[in-house]
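Right, one structure below, let's go through it.
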Amino acid sequence: MERYCRCHGTSGSCTLRTCYRRTPRMRTLGTLLKHIYDHDLVQVKLDSSSLRSTRNTYKDKQETSSSTSNHFKHSYLDKAIKFIPYQKNIKKQLTPILSSISNDYYDRNVNNVKKPPKKSNLIIINPTKTPTIHSSMLIKSNELMNHSIHPHLSQLVYYELINEKLFCHSNSFYHILGTKGRLCNSSSIYMNNCHHLCCGRGYITHHYYIMESCHCKFIWCCRVECQQCLVLKKVETCI
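Numbered continuously in UniProt numbering, the sequence shown closes out at residue 239.
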């Protein structure tokens, strides 16, 4: 969430200002995600020791929850219903009492029992990178100091490396269309470069002529007059 303020006053003077928090714009989120993708992308794997302890604690929780639910049913609910005299609007009278008992029951457990902090079941394979300054705004400073092998909340993680040639050819099973027939630019230095986009298969250059409007001028008032010119176009597509 980001802080956004608006000014109020005569002729735009900021005599009064109202501020509220709102969801950031998509361009802001996209820029941040792209920055994290470029600098804080880490490969992870499952921590086998953590998974074994999770299985053991899961069995203990099941036994504890079953005994707790029985104690809850026989003590709290019976006590609530036993001391309420019968009335016509008994349903309306029971609802707030049961809700208050259940809230008190769960609040008491939360306050009395200290829950240990949850640790991630993922560990970084090569923990060489630390979160950058821009992405570290999403996490606390003490988490940066205690850098561990577990990924931070501001990092993007992946399990396995993907072969760069995976998207070159069509694959109906993975819903990949491939790059055959894709438009590219041989003079570009970006990802749409023909050598990169066509996966080294080469590309075909098509030349054609098209009529376009040219030498346009404004005539008072009020129209625009243009001439028709024959323009040579070039289109490059992957083989």
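Every residue gets a Cβ at the ideal spot worked out from N, C-alpha and C, and that includes glycine.
In this text the structure is predicted, and so the values were computed from the model without any measurement.
What do you get for residue i, buried or exposed, if any count of 16 or more other CB atoms within 10 angstroms of its CB means buried?
{"i": "ILE219", "result": "exposed"}
{"i": "HIS215", "result": "exposed"}
{"i": "ASP40", "result": "buried"}
{"i": "ILE124", "result": "buried"}
{"i": "CYS238", "result": "buried"}
{"i": "GLY9", "result": "exposed"}
How many angstroms separate the CA atom of residue i from the CA atom of residue j?
{"i": "ARG27", "j": "ASN121", "result": "32 Å"}
{"i": "HIS169", "j": "ARG17", "result": "56 Å"}
{"i": "ILE176", "j": "PHE167", "result": "6 Å"}
{"i": "THR23", "j": "LYS165", "result": "37 Å"}
{"i": "CYS199", "j": "ILE210", "result": "30 Å"}
{"i": "TYR20", "j": "CYS14", "result": "16 Å"}
{"i": "LYS34", "j": "ARG25", "result": "14 Å"}
{"i": "TYR174", "j": "ASN163", "result": "14 Å"}
{"i": "VAL224", "j": "ASP38", "result": "47 Å"}
{"i": "PRO151", "j": "LEU161", "result": "17 Å"}
{"i": "ILE149", "j": "ARG3", "result": "33 Å"}
{"i": "CYS5", "j": "ARG201", "result": "53 Å"}
{"i": "ASN109", "j": "GLY30", "result": "Caution applies to ASN109, whose pLDDT of 46 falls short of 50 and renders its modelled position unreliable; the value that the coordinates give is listed next. Going from the Cα of ASN109 to the Cα of GLY30 covers about 41 Å."}
{"i": "SER48", "j": "LEU153", "result": "21 Å"}
{"i": "GLU212", "j": "LEU46", "result": "59 Å"}
{"i": "CYS221", "j": "GLY12", "result": "36 Å"}
{"i": "LYS217", "j": "ILE36", "result": "48 Å"}
{"i": "HIS195", "j": "MET1", "result": "41 Å"}
{"i": "CYS7", "j": "ARG182", "result": "49 Å"}
Using a C-beta cutoff of 8 Å, does residue i count as contacting chain C?
{"i": "HIS150", "result": "The structure shown contains no chain C; it is built from a single protein chain."}
On the DSSP bridge assignment, give the partners of residue i in chain order.
{"i": "LYS45", "result": "ILE123"}
{"i": "LYS234", "result": "HIS207"}
{"i": "THR18", "result": "ARG6"}
{"i": "SER213", "result": "GLN228"}
{"i": "TYR190", "result": "Bridge partners of TYR190: none, in fact."}
{"i": "ARG223", "result": "ILE219"}
{"i": "CYS158", "result": "Reading the sequence as shown, one finds Tyr at residue 158 and not Cys. Paired residues: GLN43."}
{"i": "ASN163", "result": "Bridge partners of ASN163: none, in fact."}
{"i": "CYS198", "result": "Per DSSP, none; premise fails for CYS198."}
{"i": "residue 270", "result": "Examination of residue 270 is not possible in this model, given that the chain is present from 1 through 239 alone."}
{"i": "LEU33", "result": "None; LEU33 has no bridge partner."}
{"i": "LEU183", "result": "THR237"}
Should residue i and residue j be called a contact, given that it needs their Cβ atoms to be closer than 8 Å?
{"i": "VAL44", "j": "TYR159", "result": "yes"}
{"i": "LEU197", "j": "THR179", "result": "yes"}
{"i": "CYS184", "j": "ASN171", "result": "no"}
(message) Three Cβ pairs or more, each shorter than 8 Å: is that satisfied between the region 221-228 and the region 189-208?
(response) no
(message) Can you confirm whether the region 200-218 touches the region 232-239 when touching is taken to mean that 3 or more C-beta pairs between the two stretches lie within less than 8 Å?
(response) yes
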